[in-house]
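Have a look at the structure below before the remarks.
There are 2 protein chains.
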Amino acid sequence: MQFHLNGFTPGDPELAVSQRQSVNAVAPRALPEKVDVLIVGCGPAGLTLAAQLARFANIKTCIIDKKPGPLQLGQADGIACRSLEMFNAFGFAERVLKEAYWVNETVFWKPDTRKPANILRSGRVQDTEDGLSEFPHVILNQARVHDFFLTSMRQAETGLAPYYSSTLVHIEVPEKAFASISDLTPISVTVEQATAKGEREKHTMQATFVIGCDGARSQVRQSIGLKLEGDSASQLWGVMDVLVVTDFPDIRTKCLIQSDQNGSIIVIPREGGYLVRIYVELDKLAPGERVADRQLTSDDVVTAAQRVFHPYSFDVKEVVWWSAYEIGQRLCRRFDNVEIGDESTPRVFIAGDACHTHSPKAGQGMNVSMRDSFNLGWKLASVLRGIASPALLNTYSAERHGVAAELIAFDREWARIVSATGDAASAASGHDNDRSQEFQQYFVRHGRYTAGTSIQYHTSIICADTAFQYLATGFDIGTRFHSAMVTRVADAKPVQLGHVVEADGRWRLMVFDGPGEKISESIPGMAALQHHAVELLSLSQSLIEWATFMVKSAYSPLIRYGFANADIDANIDCRFIIQAPHQQFTVESLPESVRSLLQPSKGTLGLIDYEKVFSAAVRDHENIYDSRAIDKENGCVVIVRPDQHIADVLPLSATDRLAVFFDRFMLPVSA
Amino acid sequence: MQFHLNGFTPGDPELAVSQRQSVNAVAPRALPEKVDVLIVGCGPAGLTLAAQLARFANIKTCIIDKKPGPLQLGQADGIACRSLEMFNAFGFAERVLKEAYWVNETVFWKPDTRKPANILRSGRVQDTEDGLSEFPHVILNQARVHDFFLTSMRQAETGLAPYYSSTLVHIEVPEKAFASISDLTPISVTVEQATAKGEREKHTMQATFVIGCDGARSQVRQSIGLKLEGDSASQLWGVMDVLVVTDFPDIRTKCLIQSDQNGSIIVIPREGGYLVRIYVELDKLAPGERVADRQLTSDDVVTAAQRVFHPYSFDVKEVVWWSAYEIGQRLCRRFDNVEIGDESTPRVFIAGDACHTHSPKAGQGMNVSMRDSFNLGWKLASVLRGIASPALLNTYSAERHGVAAELIAFDREWARIVSATGDAASAASGHDNDRSQEFQQYFVRHGRYTAGTSIQYHTSIICADTAFQYLATGFDIGTRFHSAMVTRVADAKPVQLGHVVEADGRWRLMVFDGPGEKISESIPGMAALQHHAVELLSLSQSLIEWATFMVKSAYSPLIRYGFANADIDANIDCRFIIQAPHQQFTVESLPESVRSLLQPSKGTLGLIDYEKVFSAAVRDHENIYDSRAIDKENGCVVIVRPDQHIADVLPLSATDRLAVFFDRFMLPVSA
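First to last, the protein sequences are chains B and Z. Under the working numbering, think of the first position of the first sequence as 48, with each following residue one higher. Under the working numbering, think of the first position of the second sequence as 48, with each following residue one higher.
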């Protein structure tokens, strides 16, 4: 898709410019008096959380923002592979893929040693390692990401929409400990809302939980006595989205450019074929000096960029958005209102920039923020729906603080490498070349980190130890479930197995069978299925036993933690992967009870769900047993969390451990 | 995506059922008094045409339908590969792919020779031949296809929406011949519109062109004195969309089932995982008997289906839609108001079921109808915009009548094969097996036809002879441009080359270069681009000469038929495919004039369009020069029409022929 040719226009590029209605300000609506969850802030963290909670009919969520309407411009733009996996769970990955710029390669430029005032191309690397994810690394306006989440919220069961022009004033967290979800003192929150007449009115709201997604200057964070800690590197950077005419040959490729005397530039081409984001290194700030003190203009940033691009022209036709910032890596020591070590249930959480800030150039900010609240969303929903113990909520800060600390370390290193200024002496002596090499090596090494796929949660009540990791070494416990292609048996469709994990708060058991068993033609009905003497196969005896446990045993998590009168997969969804080609697999010989798990009757009409069984044999793709190193003889069960992370890998025989795993945090159904 | 579990609900399945607003009736709006094009009928043909015309700001289109609002249910559902290619040109293929059922395989069932009352699986074939199209064969509710076109119309420059509850009453076509688009007597049309109060009001409208997309009983067709001709096979069929519980093992696969005594069934699984369409063969009609005479109910169709499925159960939980029809293949002898052989310009056209009817089971109806008006749309737009001669309009009936005649022949053969009833004797003697074999062979042989990719237009002013076909034998002149993967040079993105052909009324020149030329490092600026001693390549001398002709010669179609002050690609869009890997290709050494074609300055800001140049070297895919048998030594120019069909293949040196080709029907720019 090409757009923005005649200048930038916000909104959906699939609409002709004349058909777009700019929504800068949304009329105020009356705030609710009592909610389950109050989300403060409509940034990526807040909207991800709201989109998740919007899917549960019985959860009442309110999301407020002090801005008068949705974001139109600027801010973050990098979308890591892992974030696209998450967007897919929310159902809009394909729209992002269509609209976004795809980062395929990164090109490196450095000073020309023979003529150091000029730059020359020094290298080129593939941006994302092969096989890292089924999704690419892309770039898209943060405002569009917001739009997709807002659409997702509006389309969901609860039809959720933000309350704009609404500012948090005060939070009163009750002292009393959390007893149970049905018996607790609500948090009292005061919100000031601008009326249509421009007056400001105070509202009081009662909330079970409050989540601060309100950015680096978070009011919610302050209200629970936390602050961002860390240093500021006092390195000033400018950032701008521009429409530009240039003879620089790589303007449509991501570039890292190091000049000899004028600092560095990062070129990030943007969606639509014309727009480009430029990060420009400016001067160091003096001690105590603030960015605002410099009174920078967009012209200063453009001029600084032009110096680096020498000898290429850089003629800016439109500055769509610009900003200047100093690099600072700061982190909050916990992400909820409960002291580390205290086992009380937290009531107030913070996510995104409210917990961690860093430089934007590694393209991590929006991504990590969204994943903060993707981690939190299903936990809140499970506790509010009464299916999980409140102890689940203590895992949020533990898991996400670790990720943020890693991000900050990574960002510090990255900022150091990008900023390290070459001088004429080092350029002349070839040191410059070393620096460029260091940079490229670092870049490749950390590809997995930037893609967001290497995040690994530590052992907890929802993340097991590695006792049976050997059964599927490609499914690292604690990391996200790495999808692979399989064939859906019922309709022969090649599909991504990981895409069954939608953002619906459900757990998945990915049940990989051993070799399966041959079926005798003498079983009634089998002869009618054996065309052209095709040999029919069914499940292995171990899997039949596993399935029998699941549908019959009183210890089965499906029974203990399923809803009374609900579908069998309402809270825990079993998917089966067999090794036989789909043409050979048959369920017809299986006992009715086992078949009821592979082809369950669901819904008010008792229709059969045919999308539970997959074959590892898939055209033009590697077999998942090979690509994820799954034990072909014995199979295994991979437990996948609602946020797509792997909680455990277990043998088919270890139904006791499976039961115990869920017993740690699930609450039995009260029929 | 899974939906319809608790019963069918119309509308966008991405919205929770509670969020869907059913639009059964749209409030009437005042009809316009004067339009360029009046389209009668909001079926697939009408909406495709409206969506095409909606993209041109200066064309005034009105589309009317007698129904009170958009379609909700039933009717056609098969979407051929070729139709998805067309949807992609309109920008919504990915949404159809997401929502639709994918037909991957077809399974055949026949009577069990040992127990003829039972059926057994007799074969299985891959549904679509490998490499036939980059898109699959899918199934989706016609109402959703309408929705996508309606969205496309609403989002387009003109923001077009249908006028419902509006019935065509009369058309008065002027006798006077068509002189020029600016000097003609309009067609006077009378339309009766139901008011909000339920009254009927008559309106008179003046239209330059009227297009009848008003179905098999077309008023427009009758008004120009044409009728559908052909026979009715008097074979009665039932069709139903059902939610069903069955133990028939292939209910989620397309099946052709032939029973011994009870006729045939076609099973077409539908979108959402639960819904299925069943075509059921019913009795023959007596001579003169009409379908309505039978007073059939949905129960009759269900009962007939149950007999065929024996011994499998077939328990219908909800009949969403059903109908009964007799097979009839009928065709109109021309598709406009001008007698064959007469070279006057037609003013009234018919498209879709108004010109041809056939049985629905080959899944062709909606597809052929949409392609009728995809053929007509750009022609109408070109004439109305003054860039093409009215003679272009005479090619519509000629091209589409041929396609319809082929369709009818195909459909007649198909109907015969599906209906041929087996009896116990033939089953016992093995004839039954022969019949099943015949059926399967026919099915495979005609795969290309059903996919819609084999349609080939004959020689005309817009479709050349095959003088230079040998330069690219994989691009058959007259067939649609068969896309293949290439790498976009500017950003290293692997893309489908054919996807540059959007439904924007523009012609494309796909310019395939020979081997290219090596660039010397001594050319100024080249050294800066040669990292790691990468050898740089640029265009071949032949292509440089071709491009020089295009940007400089007074005979260049770009200059003769471009708009004054418009972008260089406004009417004819050149795309270049080079053989060098993208990392090695450079435009820096080219003359400024040639570069202005490869990287043109466009729009009000003079921004550079970087999406014109592609490399045939693409990861994990076959080189397009190999897959389409393009002459690697000499290259060639492939002329692609706005409807994606190939108009000609020419040598790079044949700029004279290129000029003559466009001279036949394009009108020079009046500056």
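C-beta: ideal position from N, C-alpha, C; glycine also.
query	result
Exposure of B/Gln-631, with buried meaning 16 or more beta-carbon neighbours within 10 Å	buried
Contact list for the stretch 281 to 314 of chain Z against chain B, Cβ threshold 7 Å	Leu-290, Val-292, Pro-296, Arg-299 and Thr-300
C-alpha gap between B/Val-291 and B/Ser-306, whole angstroms	20 Å
Assigned secondary structure, Z/Tyr-210 (DSSP; H/G/I helix, E/B strand, else coil)	strand
Chain-order list of residues whose beta-carbon lies under 7 Å from that of B/Asp-690 (same chain, five-residue window excluded)	Phe-421, Asn-422 and Trp-425
Whether Z/Val-665 touches Z/Pro-571 by CB criterion (8 Å)	no
Chain-ordered chain B contacts of Z/Asp-159 [CB-CB under 7 Å]	Ala-575
Rounded Cβ spacing between Z/Leu-576 and B/Pro-163 (contact assumed at less than 8 Å)	Not quite, the Cβ-Cβ distance comes to about 17 Å (not below 8 Å), so this is no contact.
Within-8 Å CB hit, B/Leu-762 to chain Z	There is no way to answer for residue 762 of chain B, as the model of chain B reaches only from 48 to 718.
Sequence-distant residues of the same chain with beta carbon closer than 8 Å to Z/Ala-351, five excluded per side	Gly-285, Asn-309, Gly-310, Val-327, Glu-328 and Leu-329
Three-state secondary structure assigned by DSSP to Z/Gly-412	helix
Cut-off 6 Å between Cβ atoms - residues of its own chain near Z/Gln-99, not counting five sequence neighbours on either side	Gly-424 and Ala-550
Neighbour-count burial assignment, Z/Glu-446, 16 or more Cβ in a 10 Å radius	buried
Closer than 8 Å at the beta carbon, the chain D residues around Z/Trp-149	The question asks about chain D, but that chain is absent: this structure's protein chains are B and Z.
Where the stretch 649 to 683 of chain Z meets chain B: residues whose CB sits under 8 Å from a CB there	Lys-649, Gly-650, Thr-651, Leu-652, Gly-653, Leu-654, Ile-655, Asp-656, Tyr-657 and Glu-658
Alpha carbon of B/Ala-498 to alpha carbon of Z/Glu-639, nearest angstrom	40 Å
Distance between B/Val-236 and B/Leu-215 (C-alpha atoms, nearest Å)	8 Å
Beta-carbon proximity of Z/Gly-319 to Z/Phe-50, cut-off 8 Å	yes
Neighbouring residues, chain Z, relative to B/Gly-424 (Cβ below 8 Å)	Near B/Gly-424 there are no residues of chain Z at all, since even the closest Cβ is about 17 Å away, more than 8 Å.
Z/Phe-137 - DSSP class collapsed to helix/strand/coil	helix
Where B/Ser-473 sits in the DSSP three-state scheme	In this prediction, B/Ser-473 has a pLDDT of 38, which is less than 50 and means its spatial position is unreliable; what the coordinates show is noted afterwards. In the structure shown, B/Ser-473 sits in a helix (DSSP, three-state: H, G or I).
For B/Leu-96 and B/Lys-301, the rounded distance between their alpha carbons	31 Å
CB contact below 8 Å: B/Gly-609 versus chain Z	no
Given B/Leu-722 as reference, the closest of B/Val-84, B/Val-172, B/Ile-271 and B/Met-417 once Cα atoms are compared	The requested residue 722 of chain B is not part of the displayed model; chain B covers only 48 to 718.
Buried or exposed by the 16-neighbour rule on C-beta atoms within 10 Å, applied to Z/Gly-563	buried
Neighbourhood of Z/Asn-105 by C-beta, 6 Å cutoff - its chain only, sequence neighbours within 5 removed	none
Under 9 Å (Cβ pairs) to chain B, residues found in the stretch 569 to 600 of chain Z	Gly-572, Ala-574, Ala-575, Leu-576, Gln-577, His-578, His-579 and Val-581
Expected contact under 8 Å - CB spacing of Z/Leu-644 and Z/Ile-615 to nearest Å	7 Å
Unbroken stretches of the beta strand (DSSP E), 3 residues or longer, contained in the stretch 530 to 601 of chain Z	532 to 535, 540 to 543 and 554 to 559
CB-CB length for Z/Gln-66 against B/Gly-206, believed under 8 Å	5 Å
Neighbour flag for B/Asn-53 against chain Z, beta carbons, 8 Å	yes
Start and end residues, beta strand (DSSP E) containing B/Leu-303	301 to 305
DSSP three-state assignment for B/Phe-50, whether helix, strand or coil	coil
Classification of Z/Pro-91 by the beta-carbon crowding that lies within 10 angstroms, buried from 16 upward	buried
Three-way DSSP call (helix, strand, coil) for Z/Leu-440 in this model	helix
Identified DSSP bridge partners for B/Leu-78	Per DSSP, none; premise fails for B/Leu-78.
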